[in-house]
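Residue numbering for the sequence shown is 6 to 409, as defined by our numbering. Glycine included, each C-beta is placed from N, C-alpha and C at the ideal position. Notes follow the structure.
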Amino acid sequence: MNRSFPAAVAVTTAVSLVVLGCSPKASQSAAAPGVDGDTISLGVLTDLSGAFVAGGTDTLRGLQLQWDEINDRGGVCGRKVELAVEDHGYNTETAVSQYTGMEPDVLAFQMLLGSPMVSALTPRIGKDEVLTIPSSFAANLLESPLIALTGTTYRQETANAVHWLKETGALEGGKKIGHIYLQGEYGEDALAGTEDAAAELGLGKVAGQVVKASDKDLTAQVSALRSSGVDYVMLTTAPTQTASAVSVAKALGYDADFIGSTFTYVPSLLDGSAKGPLTEHFYQTSALAPLSSSQEGPARILEAFKDRWPDQIPNPPVVHGAGAAEVMHKVLKAACAEGDLTRENVEKTYRDLAGVDTGGLLPALDFTARGEPPTHTSYLLRPDPDEPGGLKLLTELRPGPGTR
């Protein structure tokens with residue numbers, strides 16, 4: 006059974022709705038499941054108990070904060086938006102089963118976390134014609150017209166980071182690059198980006214080390230890269246694995262710098278023994294703006310988070326949740342303006358959106374180019390315990406010609 010929101014993260018919804026005047030309410034039909042005279046139901050399949058629990062929890066909180074604000078302003082098409090939430094615990098079989106139960110009752114999937122889960126469900130998503138925003142940036146998801154990435158791909162962000170190393174002179178003198186990556190689409194897509202950039206720049210073979218989601222100690226992988234003479238280590242791992250990697254390197258006296266993909270870091274890591282090596286040797290290349298950004302969107306969500314959960318530290322995926330909710334809001338608002346909240350028209354309006362502004366939660370997005378990410382921009386970040394979200398922005402990274 007799906008829940009309105011999981012009690013584990015104390016999520017609540019706004020309770021009021023003011024009727025909008027944008028267009029008449031379309032009547033509920035088989036072509037518009039999850040839509041009735043008062044509500045629009047959206048599905049969320051996420052991880053609230055597995056390897057990515059921190060990211061899953063705060064992505065959900067970001068969704069909630071953004072939709073509560075939208076609902077307080079009147080909702081969409083005179084309707085309150087509700088989220089039906091299930092915890093798959095980062096288990097693909099569980100996610101597939103939950104999707105089967107939830108799909109007939111929602112208009113779209115506001116969030117589906119996990120590259121393995123999204124890949125397994127992509128054929129079903131196409132058959133059911135249900136627009137789905139993934140909490141994943143794997144490049145293979147671009148093949149489906151119904152999977153709406155809300156940032157650049159893991160492949161692009163790691164390629165951007167390698168180009169940044171080259172442009173700043175960090176790779177002079179024959180410096181070598183390695184990559185520790187999680188088995189599956191998340192890690193393998195990011196590895197492909199590292200290899201793309203290394204080949205383009207003539208950097209030689211990338212030393213790769215694979216890990217599983219269940220791996221907690223990365224001593225073997227870090228030791229292997231040290232033996233290979235790697236100077237810069239790309240990481241596409243779970244946050245606890247990131248902490249293990251940098252801590253092992255410090256214990257070994259291994260002076261490499263690490264650059265993590267989106268979702269490799271949470272600020273709570275700075276509360277443990279990994280704080281020193283993280284602040285000294287870790288960077289993050291991310292599709293998401295940091296909560297410390299001065300732009301309107303992150304600043305607003307940070308304030309709302311503090312008001313709702315004053316005793317908790319927000320993780321960076323709060324921004325992703327809020328940004329994804331705003332993207333879905335713009336899609337549904339456009340469909341409403343046409344008086345057609347069917348799944349077919351929701352897909353059409355999504356594919357017609359360009360120059361999507363989320364107030365700085367995400368880069369400007371263009372969904373009109375099939376097979377392309379909606380942006381090629383990523384952010385280069387550095388851990389900082391004094392910054393909201395535990396990250397400070399160093400620069401925005403954009404690919405040069407021919408690096409996409």
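C-alpha gap between residue i and residue j, whole angstroms
| i | j | result |
| --- | --- | --- |
| residue 308 | residue 64 | 16 Å |
| residue 314 | residue 41 | 32 Å |
| residue 139 | residue 221 | 25 Å |
| residue 397 | residue 136 | 33 Å |
| residue 281 | residue 274 | 10 Å |
| residue 142 | residue 232 | 31 Å |
| residue 192 | residue 186 | 5 Å |
| residue 203 | residue 355 | 35 Å |
| residue 39 | residue 337 | 13 Å |
| residue 172 | residue 144 | 25 Å |
| residue 249 | residue 270 | 12 Å |
| residue 183 | residue 91 | 36 Å |
| residue 128 | residue 104 | 12 Å |
| residue 361 | residue 372 | 8 Å |
| residue 177 | residue 109 | 56 Å |
| residue 218 | residue 227 | 16 Å |
| residue 377 | residue 147 | 7 Å |
| residue 167 | residue 158 | 14 Å |
| residue 303 | residue 295 | 7 Å |
| residue 259 | residue 252 | 10 Å |
| residue 380 | residue 125 | 25 Å |
| residue 73 | residue 216 | 38 Å |
| residue 394 | residue 322 | 9 Å |
| residue 334 | residue 61 | 20 Å |
| residue 278 | residue 241 | 20 Å |
| residue 285 | residue 357 | 44 Å |
| residue 247 | residue 134 | 37 Å |
| residue 155 | residue 198 | 18 Å |
| residue 363 | residue 369 | 7 Å |
| residue 342 | residue 306 | 27 Å |
| residue 239 | residue 78 | 43 Å |
| residue 225 | residue 254 | 11 Å |
Opening and closing residue of the beta strand (DSSP E) in which residue i lies
| i | result |
| --- | --- |
| residue 399 | 396-402 |
| residue 384 | 383-388 |
| residue 263 | 262-265 |
| residue 187 | 182-187 |
| residue 213 | 212-216 |
| residue 238 | 237-241 |
Residue range of the alpha helix (DSSP H) that includes residue i
| i | result |
| --- | --- |
| residue 324 | 322-342 |
| residue 257 | 244-257 |
| residue 59 | 58-77 |
| residue 306 | 301-313 |
| residue 1 | The requested residue 1 does not occur in the structure, where the chain is confined to residues 6 to 409. |
| residue 377 | From DSSP, residue 377 is part of no alpha helix (DSSP H); its letter is neither H nor E. |
| residue 165 | 159-172 |
| residue 219 | Run containing residue 219: none; DSSP gives neither H nor E here. |
| residue 350 | 348-356 |
Top-ranked residue by Cα proximity to residue i, from the options
| i | options | result |
| --- | --- | --- |
| residue 131 | 144, 113, 254, 87 | 113 |
| residue 320 | 392, 356, 238, 98 | 392 |
| residue 210 | 218, 186, 228, 235 | 235 |
| residue 76 | 331, 181, 61 | 331 |
| residue 83 | 195, 312, 99, 44 | 44 |
| residue 66 | 300, 311, 215 | 311 |
| residue 58 | 399, 243, 97, 74 | 243 |
| residue 164 | 383, 95, 344 | 383 |
| residue 301 | 246, 286, 366, 316 | 366 |
| residue 194 | 153, 53, 181, 213 | 213 |
| residue 403 | 189, 170, 245 | 170 |
| residue 71 | 226, 369, 377, 324 | 324 |
| residue 122 | 109, 277, 102 | 102 |
| residue 387 | 381, 377, 400, 206 | 400 |
| residue 149 | 328, 370, 375, 206 | 375 |
| residue 346 | 207, 283, 88, 81 | 81 |
| residue 180 | 86, 237, 342 | 237 |
| residue 153 | 256, 343, 53, 329 | 329 |
| residue 53 | 36, 69, 118 | 118 |
Cross-strand partners of residue i (DSSP beta bridge)
| i | result |
| --- | --- |
| residue 44 | 85 |
| residue 51 | 92 |
| residue 290 | 385 |
| residue 140 | 118 |
| residue 202 | Paired residue(s): none; residue 202 is not in a bridge. |
| residue 370 | 361 |
| residue 152 | 137 |
| residue 113 | 47 |
Any non-hydrogen atom of the ligand COA within 7 Å of residue i CB
| i | result |
| --- | --- |
| residue 320 | Only the bare structure without any ligand can be found here, which leaves the ligand COA out of the picture. |
Inset, instruction - Say whether the stretch 255-273 touches the stretch 284-299, bearing in mind that this needs 3 or more beta-carbon pairs closer than 8 Å, one atom from each stretch. - result: yes
Inset, instruction - Report yes or no: do the stretch 99-114 and the stretch 47-55 share at least 3 C-beta pairs separated by less than 8 Å? - result: yes
Inset, instruction - Examine the Cβ distances between the stretch 88-108 and the stretch 350-369 and report whether three or more of them are shorter than 8 Å. - result: Judged by Cβ distances under 8 Å, the stretch 88-108 makes no contact with the stretch 350-369, as fewer than three pairs qualify.
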